[in-house]
Each structure stands twice: as C-alpha cells, then as structure tokens.
C-alpha cells in the first residue's frame, strides 16, 4: 500500500485502522473497545484491554524461541567497555530486580524515579518497573538536585534507583550526593534509594534509606509480569513548561506499545532481528521510545551508547559503532552531526570505516539545517530523514515513512504527516491556512494511540495548554507551514521554551534564576540560533543602579547559578548587560523582538512598544558583545 492510501485509511476510519495494528502485539485481554473518551471527552485507546510492556519487550521473544538473540549492546567509549546481553540475560536481570523492588514494598500503581547514566541498569530499572505495574519517571542524569527535587515532589516516588556516577568527557560526576541533596530539598521523602555501584571511584555516601543494587538483585526471586490496563501509566516523563514548572507527560501502556511496534516497522523500516541505534539518553523521550521499548518490542537489537559524538575519543566514534555492531537504522540529533562536521569537515574519519551495513539515518530533536543534511549525504550516501515529534506525542508525527513508501526528501522539511495524525496549519482564529502560509501546527482529534494521556496530577493544565487554544485540536506549540505537495516545515516554538541540542528548556525558569542574582534588576532569557546546538540561551540583564560589579564577574556568577540549579545541559554561557529591555506599554518584555535583533532577522517594531529608541540601544550593545567568543 502506498503512503497516500495508507495515510487516508488511518484518517477515514481510525478505529478499524488501529484495531488492525493492535493485532500485532500480544494482549493478556484483547480490547473490544478500540476508541472511547475519558470524562473530559479526551480520546482513549483500547480502554478495556490488558497487557504488560515488559512481557512484550522480553518474555514474548523468549517464548517464541529468540532468547539467545542479542537484545542490548552496551557500548561505552568513556569506560572502554562493550558488553552484549541476550534476551534471556536481560529478562533474568529485570525479573530479579522486579522481585527485589516488590520486596522493598513498592506495588502496582505506585511510582519510582530513575536517575541514572546511560548504562544497562537504567534500561533494566525501567523494564523492572513496567514488569510489576510501577510507573517510572526517568530524570536525566545531567539535572541538578534542585530540578530532581521538583520532580520528586511532583510524582512522589516510593523508591529512587540511581548509580554511583555518570561520566562526562573529562570527569566523573558522583550521582549519589546529588540524589541525597535532592531528597533534602524535596518535601516528599522516598522510602528507599537503590544504588548501583559502578566502582569507578565516585564518592557514595551511605544513608539509612540506601539499598545496594547488586545485593538486591542477587538475593531476589524472579517476579512474573503483572497484567495492567491499557490505560495504566507506564511512565511519567517531564518536559519544560513556559511557567518554569516542569510538565509530567503521562504515557499509557496499550496505545504506546501498539504505536511503537507500528512505528518501528512502518516509519523506521526496522525488521525484527536487525540492529537499531538511537544515539540519545534514556532521560529523554527518544530513549524511552527508541532505545528501550520500541526496539525491544519489535525484537531488534538495541545499542545503548554511553559517550558523545566527539571527544570520546574523537569524531570517529559514531562510525565505529555503526561498523562494529552492524547498525541498520540509526537515529540521532542534528546537533551530533553538526559537532562531528565541525571536528571532521572533510569526513576523513568516515573513510576509515565500512558503513555499508547502514540503510537509513534519521534525525530529530531540532530542525535539521540544509547544510548539515548535504554534508551528511556527501559523505554517507544513505537517506538522511529529518522527522518531527515531541515528548507529548511519544512517537513521530511528521516523517518519511520508510517502511511504507520512500518519498523524495525536501531539505528543510520534516516530511509528511504520519498515519493517524491529521495535521493542519491554523491561523489565529482557528481557520485552516492555505499552502505556504505560516501558522500554528495543530492536530485534529482524535490523536492516534501512544500519545500523551494527561499531565501528572494536572489535568487542568493539560487541557488549557494543549486543547483550549483550538477546540477539537491538539496544539503542538510549534509554528510552521505546508507546501503544495503536503510537505510540512516546522519553523520553531511559539512560546518561551527553547530547544538546546534536542533538550527542551524553559526560559521562564532560567529568568527566575538569573533574576535571583543580587546585582540584577530585571532580565530576559531568549533562545538564539546556534550552528552547533540549534539554539542556546542568552541572558540580557539590567543591573541595579549603583551596583559596580564587573561584567566578567557578573557573567561568571550567573552562568554558575544556572549550572547549579538546572545543570550544564542548559548551556547558558552569555550574559549581556543592557540599560533597559524593550517592553509593551502594558509592561510585557518583547522577547520575540529581542530574538530577531540578536539573530539579525528582519523585524517590524510592534505598535505596542513603549519606546522605539530602545531598539538602537540594544543593537549597539549587541554589536559590541560577541556571542561567538563563548561558542
């Protein structure tokens, strides 16, 4: 079936279409009700079905005779380790860990936080939680204690699973002291902290609530999979919100498993038994969907990579992993390719490896620029597919569906709408715009299976943030346009969330931290274009009158405030001192105008501005301050 026919079928009769897709996974109780609605009239999928995501990812394949197939390849250039785990081995470890968690008193319906680096135990912890119906919330290991504490207070975990350390390019980061500090900061106190000691020399302070991971697994019986409802929350994953308070995206189990199985074969074109590599982190949605659950449910061998595209040890590491492990399909962020291109502009490292195994390269996380796409294709002649999705969707919304029909690639476009997603470009009043007119990217309800179920303990924010702006639609928060052939171009966020190397970060939260500095009278943090990371934050500050702090000292202190409270992932390196900030007459800071000035984009001065002379002042400061010095 060709793409257009396949896509139209999914829109014309979604219940029939997604009932057929649900047949491709194993249910304990097959759903009879395919599409229904919750009490707030939001669509639900397979509400009366029962299943278990860990069973689909592990036990099912063992029962089918594939227990000796490699499930996970752990490749860690930072520890110079490569280790392969069969489906049998993963299932045994996961089942014992699940048994250990049960012995600590956690049960179905309760929550656990996982704060780990990119090691197999992070995936084991996720699967062990899924096995016994515990909702997991993975927090990226790069987040500071303050951020971890916010998430602990929101999802109220009974248990935290962590490791002794993570490893950056040039240093060891002790995780246990960060977890202890977060627990001290949080109002909610978890009962136990399970610690996997990597024995790499990091300090592991002992607390009464600590449990040793190895001892817990070694001393426990294997736990069986627990049957859960299709709508049971598999996980909560936090993404930045414009208010500064993270949003806990709730993912169901049945719709998600169905969508992931569907996407692995129809979007990524990955067949069972092949090696699939998503070079991301389990702290992000890509890691959930395409390092752990998607590949394992589809019986792929998944690569779990602990390293960076460069400096571990150099810009050849991605090509080594592809060649060594015979990767068929790879997924990474354009940021990674840009970093490699910067270090190896002529592709000399690429020539050292036989990459004939690689069939397709997928890119997502932020928009892929044309120059990066062209550089990749110049050196590696396989389709490089930009595609678009969000933490909220859980799987791609716009893509070139490689398992259905390969369509011509248009640089700058993320492709066409994926089956099940009725994507429209709407104007301010909700009217559908014509081809090539830029507007709001919205998806007509019902969304397909696998998308967000709700926000954790905040349904009101869910409805106001996603469903209220355009009734009958999910509002993505992004702007874009469709061309005459239905290709969709995403132009960027329309709110104050920025995308730094694929990580969505709240500028509102950063502003709160910057404003806490005693020398700062007021400030604005904006996302500005960056060749490597897509966007980086820039702080513009107005210094309190009479304060004589040197600019260098102020910048140094603000950068470290952000690092301490959000983490190095924020990448804030630049602080500009201005006399005042452009505002509307009602006092709203004109952040979009500031972005245009810094990025040297043509702009119109809003009629609501309180003083036009400020534009010249900002431009003078901008010309005197070189962002490039920090990049």
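Residue numbers (this note's numbering): 28 to 658. Beta carbons are placed, not taken as given, at the ideal position from N, Cα and C, and that holds for glycine.
So what's residue i in DSSP terms, helix, strand or just coil?
i	result
residue 613	Reliability fails at residue 613, whose pLDDT of 49 lies under 50, so the model's placement of it is uncertain and the value that follows must be treated cautiously. Three-state result, residue 613: coil.
residue 56	strand
residue 346	helix
residue 112	strand
residue 389	strand
residue 399	helix
residue 490	helix
residue 66	coil
residue 537	helix
residue 228	coil
residue 51	coil
residue 407	coil
residue 77	strand
residue 431	coil
Which word fits residue i, buried or exposed, when buried means at least 16 other C-beta atoms lie within 10 angstroms of its C-beta?
i	result
residue 132	exposed
residue 214	exposed
residue 55	exposed
residue 106	exposed
residue 511	exposed
residue 187	buried
residue 583	exposed
residue 622	buried
residue 278	buried
residue 663	As displayed, the chain neither begins before 28 nor continues past 658, which places residue 663 out of reach and without an answer.
residue 373	exposed
residue 31	exposed
residue 43	exposed
residue 462	exposed
Hey, could you find the ends of the beta strand (DSSP E) residue i is sitting in?
i	result
residue 470	466-471
residue 451	449-453
residue 418	Counting along the chain, residue 418 falls outside any beta strand (DSSP E), and DSSP gives it neither H nor E.
residue 520	515-520
residue 378	Element bounds for residue 378: n/a, residue is neither H nor E.
residue 199	199-201
residue 164	162-165
residue 153	Not the beta strand (DSSP E): residue 153 falls in the alpha helix (DSSP H), residues 147-158.
I'd like to confirm the pairing. Which residues does DSSP put opposite residue i in its beta bridges?
i	result
residue 188	141 and 221
residue 278	262
residue 501	470
residue 331	101
residue 550	568
residue 542	Paired residues: none, contrary to the question.
residue 506	467 and 519
residue 425	415 and 444
residue 562	556
residue 358	305 and 389
residue 603	567
residue 477	Paired residues: none, contrary to the question.
residue 193	200
residue 482	276
Have a look at the options and flag the residue whose alpha-carbon is nearest the alpha-carbon of residue i.
i	options	result
residue 179	195, 139, 145 and 202	139
residue 202	350, 233, 361 and 337	233
residue 434	360, 487, 482 and 513	513
residue 569	560, 462, 592 and 609	609
residue 487	274, 242 and 288	274
residue 564	130, 502, 210 and 603	603
residue 193	43, 104, 256 and 640	104
residue 226	241, 217, 212 and 220	241
residue 253	164, 155 and 320	155
residue 422	362, 444, 402 and 404	444
residue 553	600, 392, 64 and 85	600
residue 301	363, 384 and 405	384
residue 98	46, 160 and 151	151
residue 407	430, 418, 429 and 368	368
Terminal residues of the continuous alpha helix (DSSP H) containing residue i?
i	result
residue 37	30-39
residue 587	578-592
residue 182	172-182
residue 441	Counting along the chain, residue 441 falls outside any alpha helix (DSSP H), and DSSP gives it neither H nor E.
residue 106	Element bounds for residue 106: n/a, residue is neither H nor E.
residue 241	240-245
residue 88	87-90
residue 620	618-625
residue 323	321-324
residue 495	Premise fails: residue 495 is in no alpha helix (DSSP H) and is neither H nor E.
residue 641	641-651
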